[in-house]
Amino acid sequence: MSERIQSAINSLVEILGKEKVRSDRTTLISYARDVFMPGYLDLRRGKIEHLPWLVCYPENIEQVSKIVKIARENKIPLIAFGGGSGVLGGTTPVKGGVIVDLKRMRKIHSINKINQTCKVDAGIFGEELERALNREGFTLGHFPSSIYCSTLGGWLATRSAGQFSAKYGKIEDVGIALVGVLEDGSIFHTKATPRSATGPDLDQVLIGSEGTLGIITSAILSISPVPSIRSYRGFSFEGVEMGLEAIRVLMQKEREPALLRLYDPMDTKFNASKLKAPSSGCLLVIGYEGFNKERTELKARLGFEELKNIYGKDLGEAPGLAWLEHRYSVSYNQSKILSQAGNLLDTIEVSVRFRDALGLYQRIMERIGKIGLVMAHFSHAWRDGVCIYFSFLVNDPEPEKLREKHFQVWKKAMSACLELGASISHHHGIGFYRSRWLKQELGLGHQILVKLKKELDPDFIFNPGKLGLGED
Amino acid sequence: MNFKLQTIIPELKNKIAKIVGEENVAQSQTQLLSYSRDLWPKLTIEIQAGKLPVFPHFIVWPKQTAEVQELVKLANRNLIPIIPIGAGSGVCGGTVAISGGMTIDLKKMDRIRDIDRESLLLTAEAGILGEVLERKLNTEGWTLGHFPSSIYCSTLGGWLATRSAGQASSKYGKIEDMAVSLEVVLADGELVKTRTVPRSSTGPSLNHIFIGSEGTLGIITSATLRLWDYPKKRAFQGFLFPTLAQGLNAIRLIMQAELKPSVLRLYDPVDTFFSSQGTLEEKPKRKKPGLSSKRGLVKNIRKYLPYLYQPGLFNKAIQSFAKHSKLILVFEGEPEIVELEQKQAKEICLRVGGVDLGEWPAKNWFKHRYRVSYTMSNAFDLGFFVDTIEVATLWDNLENLYYAMQSAISKHALVMAHFSHAYPQGCSIYFSIAGTGKTLEEKLLCYDAVWRSGLDACIKQKGALSHHHGIGLLKAKWLELEQGGASPLLKALKNALDPNQIMNPGKLGI
Chain A
129 MSERIQSAIN SLVEILGKEK VRSDRTTLIS YARDVFMPGY LDLRRGKIEH LPWLVCYPEN
189 IEQVSKIVKI ARENKIPLIA FGGGSGVLGG TTPVKGGVIV DLKRMRKIHS INKINQTCKV
249 DAGIFGEELE RALNREGFTL GHFPSSIYCS TLGGWLATRS AGQFSAKYGK IEDVGIALVG
309 VLEDGSIFHT KATPRSATGP DLDQVLIGSE GTLGIITSAI LSISPVPSIR SYRGFSFEGV
369 EMGLEAIRVL MQKEREPALL RLYDPMDTKF NASKLKAPSS GCLLVIGYEG FNKERTELKA
429 RLGFEELKNI YGKDLGEAPG LAWLEHRYSV SYNQSKILSQ AGNLLDTIEV SVRFRDALGL
489 YQRIMERIGK IGLVMAHFSH AWRDGVCIYF SFLVNDPEPE KLREKHFQVW KKAMSACLEL
549 GASISHHHGI GFYRSRWLKQ ELGLGHQILV KLKKELDPDF IFNPGKLGLG ED
Chain B
4 MNFKLQTIIP ELKNKIAKIV GEENVAQSQT QLLSYSRDLW PKLTIEIQAG KLPVFPHFIV
64 WPKQTAEVQE LVKLANRNLI PIIPIGAGSG VCGGTVAISG GMTIDLKKMD RIRDIDRESL
124 LLTAEAGILG EVLERKLNTE GWTLGHFPSS IYCSTLGGWL ATRSAGQASS KYGKIEDMAV
184 SLEVVLADGE LVKTRTVPRS STGPSLNHIF IGSEGTLGII TSATLRLWDY PKKRAFQGFL
244 FPTLAQGLNA IRLIMQAELK PSVLRLYDPV DTFFSSQGTL EEKPKRKKPG LSSKRGLVKN
304 IRKYLPYLYQ PGLFNKAIQS FAKHSKLILV FEGEPEIVEL EQKQAKEICL RVGGVDLGEW
364 PAKNWFKHRY RVSYTMSNAF DLGFFVDTIE VATLWDNLEN LYYAMQSAIS KHALVMAHFS
424 HAYPQGCSIY FSIAGTGKTL EEKLLCYDAV WRSGLDACIK QKGALSHHHG IGLLKAKWLE
484 LEQGGASPLL KALKNALDPN QIMNPGKLGI
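Protein chains in written order, with my numbering: chain A, 129 to 600; chain B, 4 to 513.
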């Protein structure tokens, strides 16, 4: 280890204390990867490509500021780390460096019932925050399936979206103001206001920056009263086309639900028994919920009526309630499949306007269906389009070939998105794995990010190699 | 730079003409004069005082994006400032050519490029006037839902550049919620197009770099916008509250009850007094036009004009007897939802002590909703000035901010306010101000004192400097305080995107 790094370690120990700076091998290995699926192949073979140099655990923003100053002085990469549940290698220390684990910064500073806001540190786990809010009669409304193992800071850094995003918004809608540290160690607090016209919205530049522009240490978030009523149903459609049409009509005719998931025929078959639905056709799980009971009931009634008009078959409450019960289980079922040698499972979520949704779905299914088992659902609908969420399984006894198959699936899916003007990511982010396609997605826009990076972080301290922002 | 500019002007004119055609570049004094200012009231006072505003060197009217790119390249090569302008209805000096240069008027770029009926998306060029766009949509059965009172004299590009918000923003959102993707010409002449997708997680939002950038980071030439079905039903309501606090409580409860009125405007007691004389009647007996805020002020001010010279006393006097606050609500959209929301909003208003004024106040407001922008010149003719200061904050800080700014401004000018953009988390405050001075010089001093005291109080009380008018030149010196240590981000954007500092210099303080 070079002198420069040793000197940085000494300074970090001085600031944080010995027990908050760790460099033992077990610790380093546990922070070497996130839940990026091909990482499992390497792990199985005992191969770890990128180890951090050390892991530190700051407890307040002043410590984060000092860590940044030390890193800057010594040109050492810093990787902000939350729950480590990212799926694209966003926290992988591709250039080595120091992991800044923020999970000791997990305080809820305030829950303001008048403003319906809370101020929370970035390292808090989603579920912990949600339960604390629930005890006060509120909800954040942000429910990614990783909620048990992802943090507020991670959500903001990756532009997360939760299962009920149609009602409560995505993380960028929920985040009202940010607190964090820039490359020179300076601390910023953006203004807590419902809205302003004071130049570009700087929060929106930091949200989604995946730790490459600064470290977010806390945020002021909007919260909503816990729903007083929930109305969940299942509907069955003949095929994807009719199902998509139903989604479009609901979203555009002011019948937007909180939850909406349309499963394609394969995904329907796969989930039928768990979701108490017929295994043929396309299952739509739909849920209305709200604090305003009468309004929620009215919207649900209008929505359900509309679905019947579009030839949806009402399956009653059972599929909706079953979904609700199992909504986080998907993240924890994968290990069964993954633990079998020769298997690799992954998901790809993309975003597309309604006009091109069916075309994109068909194109991707056709291209990647030849390589592995693939299914999809449509979730996160907006007034102008949807997210398509593909799940796929590829199989090969040879790890290298398996990895190649996995890459081919990604490549074909990503290129289909780029061809049709869709987006390569709806809510998982870019990390290092998607970086190669990001440049195509953003076109000249990527150059804007490159230039911004050079202005804000000329030494590439912050999470190098992510968002296609490396030194190379 | 100016010296150099002088020497190369003739040559530049030829080059510009080559790009856009002879007929699309102007240099006459009349033309330059008309583009020398926007609707920033201070500039009007200065003109009255005989002080000429600064002129750009050229006015140029490109007809397509490629021409804008060529113009920007030319300017960048020659280090000439560029000032994009739409309809020039800004009120903060955002399009004033403080270092001269080329004013690029985008109004000849006003085509609708694409309509995607399935995704309800429309792509239009930046120079289209708001009202033209809205009427076109209406004929197809749609609405954009964006209704700033400047809609007849503001453009899509101006809305995006300044982060505009319309009168119906509680239902349809603000301009940043409507814009799905942008086409932007950068300072080096390159063209960036963001993706037309409902949402993505592909790094920082590029749209948000340009929305609100006031022409300092690039020129927005086109945008794709989300549309709504034209409302099937509209419902109007008015209420009067014994106190402002009750009115504020009502609008907070409405916004936190998952109701989405398209219009919600609560007038403070002084504004209520000026706009309706605080009447409790459903309809005035005499046929008297219902006046909205600034318009009411201008109409009524004639008789009060002498008192404007003693603003402190005048404010105190009116505040001592004006106690009621008027609220108007409009709900629109799907009939059954409109009916329910209207019913629930009424229950909330009555519960917190409001008196039902019936449909009339809101209907009448609706009828005259754009008129306010066209009454300002009367005020200046009468010898005083009017201006507006719109700020925003979270609910628990709203009354503090309101009283802090009201008291700061009261010493210098007559001040009243309405609360017109409410959210579950907070609300905007829209102060209308009337002031004067014995000489034009005193008038200008008064004008500056109003803004200085108002915005100093705003920053001190943690309000946001602007809710929807933007920064321009007027508020630039407060912006760094507003940004709370995040200003390096904006400066980095500027250096990254416009290293030669040619894009609308001096705006946003950069």
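Every residue, glycine too, gets a C-beta built ideally from N, C-alpha and C.
For clarity, every value in this text was computed on a predicted model and none was experimentally measured.
Query, Result
"Quick one, which of B:LEU500, B:THR391, B:PRO338 and B:ASN79 has its alpha-carbon nearest SER423 (chain B)'s?", "B:THR391"
"Excluding sequence positions up to five away, which residues of its chain have a Cβ less than 6 Å from the Cβ of ASP41 (chain B)?", "GLY91, GLY93 and THR98"
"Quick one: what's got a C-beta closer than 8 Å to ILE48 (chain B)'s C-beta in the same chain, skipping five residues either side?", "PHE383, PHE388, LEU443, LYS446, LEU447 and TYR450"
"Counting only the same chain and skipping the five closest in sequence on each side, list residues whose C-beta sits under 8 Å from that of LEU548 (chain A).", "VAL480, ASP484, GLY487, LEU488 and ARG491"
"If distances are taken between C-alpha atoms only, which option among B:THR396, B:TRP231, B:GLY512 and B:LEU477 comes closest to ARG120 (chain B)?", "B:TRP231"
"Looking at the C-beta of GLN490 (chain A), does it have a partner C-beta in chain B at a distance below 8 Å?", "no"
"Tell me which same chain residues have a C-beta within less than 8 Å of the C-beta of ALA305 (chain A), skipping the five on either side of it?", "HIS317, THR318, LYS319, ALA320, THR321, ASP331, ALA347 and ILE348"
"By the criterion of Cβ-Cβ separation under 7 Å, what are the contact partners of LEU435 (chain A) in chain B?", "None at all; the shortest Cβ gap to chain B is about 16 Å."
"Check the C-beta distance from GLY488 (chain B) over to SER314 (chain A) and give it rounded, since I have them as a contact under 8 Å.", "6 Å"
"If we cut at 8 Å on Cβ distances, does THR318 (chain A) have a partner in chain B?", "yes"
"If I follow the unbroken beta strand (DSSP E) through VAL333 (chain B), where does it start and stop?", "328-336"
"Going by the DSSP bridge assignment, what does LYS247 (chain A) pair with across the sheet?", "A:SER238 and A:ILE348"
"For GLU285 (chain B), would you say it is in contact with chain A, using Cβ-to-Cβ distances shorter than 8 Å as the test?", "At GLU285 (chain B) the pLDDT is 40, less than 50, meaning the model places this residue with poor confidence; the figure from the coordinates comes in the next sentence. Chain A contact via Cβ: absent."
"What separation, rounded to the nearest whole angstrom, lies between the Cα atoms of GLU285 (chain B) and LEU123 (chain B)?", "Residue confidence for GLU285 (chain B) is low, a pLDDT of 40 falling below 50, so the modelled location carries little weight; the figure read from the coordinates is stated next. For GLU285 (chain B) and LEU123 (chain B), the distance between alpha carbons rounds to 40 Å."
"Compare the C-alpha of CYS461 (chain B) against each of B:TYR406, B:HIS415 and B:SER490 and name the closest.", "B:TYR406"
"Quick check: the Cα distance between TRP368 (chain B) and ASP108 (chain B), rounded to an integer number of angstroms?", "33 Å"
"Taking 8 Å as the CB-CB limit, is SER356 (chain A) close to chain B?", "no"
"Starting from the C-beta of PRO586 (chain A), find all residues in its chain whose C-beta is less than 6 Å away, skip the five residues before and the five after it, and write them out in chain order.", "none"
"Answer yes or no: do HIS534 (chain A) and LEU390 (chain A) have a C-beta to C-beta separation smaller than 8 Å?", "no"
"May I ask which residues mark the beginning and end of the beta strand (DSSP E) holding GLY431 (chain A)?", "It is not in any beta strand (DSSP E) - GLY431 (chain A) instead sits in the alpha helix (DSSP H) that spans 421-437."
"Give the list of continuous alpha helix (DSSP H) stretches no shorter than 4 residues that lie fully inside the region 437-510 of chain B.", "443-463, 479-485 and 490-500"
"Fully enclosed by the region 368-419 of chain A, which alpha helix (DSSP H) runs are 4 residues long or longer?", "368-380 and 393-399"
"I'd like to know whether the C-beta of ARG173 (chain A) is nearer than 8 Å to at least one C-beta of chain B.", "no"
"Using only CA atoms, which one of B:VAL23, B:VAL63, B:ASN27 and B:ILE85 lies nearest to MET506 (chain B)?", "B:ILE85"
"Identify every residue that forms a DSSP beta bridge with ASP117 (chain B).", "B:THR126"
"How about the region 391-400 of chain B and the region 285-294 of chain A: do they share at least three Cβ pairs that are nearer than 8 Å?", "no"
"With a cut-off of 8 Å on the beta carbons, I'd call GLY221 (chain B) and LEU500 (chain B) a contact; round off their distance for me.", "6 Å"
"Compute the Euclidean distance between the alpha carbons of ASP271 (chain B) and ALA479 (chain B), then round it to the nearest angstrom.", "28 Å"
"Using the beta-carbon of each residue, which ones in chain A are nearer than 7 Å to GLU485 (chain B)?", "LYS319 and THR326"
"Taking only heavy atoms of the ligand COA into account, decide whether any of them is closer than 7 Å to the Cβ of SER102 (chain B).", "In terms of ligand content, the structure shown is empty, and the ligand COA therefore cannot be addressed."
"List the residues that DSSP assigns as beta-bridge partners of ASP271 (chain B).", "In DSSP, ASP271 (chain B) forms no bridge with anything."
"Count the other CB atoms, across all protein chains shown, that sit within 10 Å of the CB of ASN252 (chain B); report buried if there are 16 or more and exposed otherwise.", "buried"
"Could you name each continuous beta strand (DSSP E) segment of 3 residues or more that falls completely within the region 281-354 of chain A, going from the start of the chain to the end?", "303-309, 315-317 and 343-350"
"Any beta carbon of chain B sitting closer than 8 Å to that of VAL248 (chain A)?", "no"
"Counting along the chain, where does the beta strand (DSSP E) carrying LEU55 (chain B) start and finish?", "LEU55 (chain B) -> no beta strand (DSSP E), and no H or E assigned at all."
"If you count every other CB in all the chains shown that lies within 10 Å of the CB of SER463 (chain A), and 16 or more means buried, which is it?", "exposed"
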